[in-house]
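Undergrad: Sharing a structure below in structure tokens format, with a few things to ask.
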Amino acid sequence: MADVHLALPNGRVFSYPELTPSRLLDEKAAGYVGAACDDWLLFHDAGGLFRLTSPFIGKTRLLPSFDGIRAHDVPVEIVNEPAPSHRAVESHAQWRGDDETMGVRKVVVCPDGFIAAIFGREHFAKVALCSLETFSWSHSKHDRWRWYDDLAFFGGRLYAVTAGKDLLGFDVGVDGDTGEPFISRVERVIEGAPYGPRSSASAMVHYLLPSGDGALLMVRRRFPHAVGNSLERFTVFRADLASSRWEEVSSLGCDQALFVWRLCSRAVRGRRYPLGYQIFFLPDDCAGMSFWEPPRRRANHHAAVYGMFDGRVTYLLPRQPRDDGDGTVPVTWLFPAVATAREMRR
């Protein structure tokens, strides 16, 4: 079973289920500004660069700044989805003058030697790619701008889920002249709900993650807009890629639990801990998003667990006055690789 850790904005790292801090990890996590998948924390580095570092074994990867991101002018095949309008294709120059509002919403380290990210604004984003060899970011000029909720690598392919529950599959090519990765094909594998504004009575976010038994899962988190209303609801779906539809999942099995949040999610299985039928989440995950208004009071705990059978929420790790730093750094899950976790327990 993969170990699970929780990093706080002040750099403290707690292990689950003991919820005990580690001074060694605290020193290595101090100063992080975000996270990627698995065990990577994101740091600012000199010259405007970013640095991905694992606090568990110290491995590091430098990433280029997004300031120089460029539009890759190569045709993209778009399948089962309307092609973008000419106006949308030409919108690259429009947002370049307003790129202070653009940001990185998700980073995925892919095993094929490239790094993918959701880059843009909440309702207006694209998938950007980076190769450590070319050390530059690019997005496809001819792909659509979409409202992405999450991004994941599964079964040798990059997938994204939109706010409307569309599941998109991305094929990645490599430029023969520059060595740059680029989006060559986008397929709407599953068509979700018709795109439109989120409900005024409740808000939803979707998390995308591979399961422990080889399926691609989407977790829908629904919660009311009302400030002070703690009612949380989660629904799990499995992507039936053969029939192009979402199938609701009522049980995860007694040896599997889901840990979700916008920057890093993982299905964890094993009999070491009583995890089955549970979804672990971060109560303040959506702070700062447009539907998180009016500004809500921060939760009293850093993490929580939702029971799929009874719908009950149990809160974990009470928030302390100095935990949040300046309030801009998120709490994050960390999942060291199985081999790394084994070494740490020796």
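Reading the sequence shown from the start, the letters are residues 2 to 347 in our numbering.
Where a beta carbon is used, it is the ideal one built from N, C-alpha and C, also for glycine.
Would you tell me roughly how many angstroms separate the C-alpha atoms of N11 and R24, rounded to the nearest one?
TA: 12 Å
Undergrad: When you compare each of C111, T236 and L9 to V220 by their alpha carbons, which one comes out closest?
TA: It is T236 whose Cα lies nearest to the Cα of V220.
Undergrad: Just the Cα atoms here: how many angstroms apart are Y17 and R299?
TA: 22 Å
Undergrad: Along the chain, where does the beta strand (DSSP E) containing D241 start, and where does it finish?
TA: R234 to D241
Undergrad: To the nearest angstrom, report how far apart R222 and V206 are at their CA atoms.
TA: 5 Å
Undergrad: If we count the other Cβ atoms within 10 Å of its Cβ and call it buried at 16 or more, is T373 buried or exposed?
TA: Shown here, the chain extends from 2 to 347; a query on residue 373 therefore has no answer.
Undergrad: In the DSSP assignment, find the beta strand (DSSP E) that holds R24 and state where it starts and stops.
TA: It is not in any beta strand (DSSP E) - R24 instead sits in the alpha helix (DSSP H) that spans R24 to A30.
Undergrad: So is C255 buried or exposed if we call it buried at 16+ other beta carbons inside 10 Å?
TA: exposed
Undergrad: Quick one: give me the first and last residue of the beta strand (DSSP E) that W262 is part of.
TA: For W262, there is no enclosing beta strand (DSSP E), since its DSSP letter is neither H nor E.
Undergrad: With DSSP as the reference, label F336 as helix, strand or coil.
TA: coil
Undergrad: Considering Cα atoms alone, identify which of S266, L50, G49 and A8 is closest to A31.
TA: It is A8.
Undergrad: What residue from C265, Q321, L168 and D286 has the CA that sits closest to V5's CA?
TA: C265
Undergrad: Would you mind sorting D311 into buried or exposed? The rule is 16 or more other CB atoms within 10 Å of its CB.
TA: exposed
Undergrad: In the DSSP output, which residue or residues are listed as bridge partners for T163?
TA: Beta-bridge analysis with DSSP links T163 to Y149.
Undergrad: Measure the C-alpha to C-alpha separation of F44 and L242 and round it to an integer number of angstroms.
TA: Between the C-alpha atoms of F44 and L242 there is a straight-line separation of about 36 Å.
Undergrad: Between V332, L317, P322 and P331, which lies nearest to E19 when the distance is taken from Cα to Cα?
TA: Nearest C-alpha to E19: L317.
Undergrad: Take V174 as the anchor and find which of R158, V14 and L168 has the nearest alpha-carbon.
TA: The question names Val, yet the displayed sequence has Gly at residue 174. Here the closest residue by C-alpha is R158.
Undergrad: Put G48 into one of helix, strand or coil per three-state DSSP.
TA: helix
Undergrad: I need the straight-line Cα distance from G170 to A338, nearest angstrom please.
TA: 26 Å
Undergrad: Find the nearest neighbour of P211 within the set G180, K127, S251 and V269, judged by alpha-carbon distance.
TA: V269
Undergrad: With distance defined between alpha-carbon atoms, name the residue in N301, V250, D285 and V162 nearest to Q279.
TA: V250
Undergrad: From H93 to W138, what does the alpha carbon distance come to, in whole angstroms?
TA: Because the pLDDT of H93 is 49, which lies under 50, any placement of that residue in the model is unreliable, and the number read from its coordinates should be weighed accordingly. Straight-line Cα distance between these residues: approximately 14 Å.
Undergrad: Would you identify the three-state DSSP class for F357, choosing helix, strand or coil?
TA: One cannot answer for residue 357 here, as it falls past the ends of the chain, which runs 2 to 347.
Undergrad: What three-state label does DSSP hand G121 in the structure shown?
TA: G121: strand per DSSP, three-state reduction.
Undergrad: Which of the three DSSP states, helix, strand or coil, is assigned to R346?
TA: Low local confidence applies: a pLDDT of 45 at R346 is under 50, so the model's placement there is unreliable, and no value is given.
Undergrad: Taking the DSSP output, what are the residues bridged to I191?
TA: Under DSSP, the beta-bridge partners assigned to I191 are L168.
Undergrad: If I measure Cβ to Cβ from D286 and keep anything under 7 Å in the same chain, skipping five residues before and after, which residues do I get?
TA: W262 and R263
Undergrad: Ordered along the chain, which non-local residues of its own chain (more than five positions away) have a Cβ less than 6 Å from that of L26?
TA: V14 and P56
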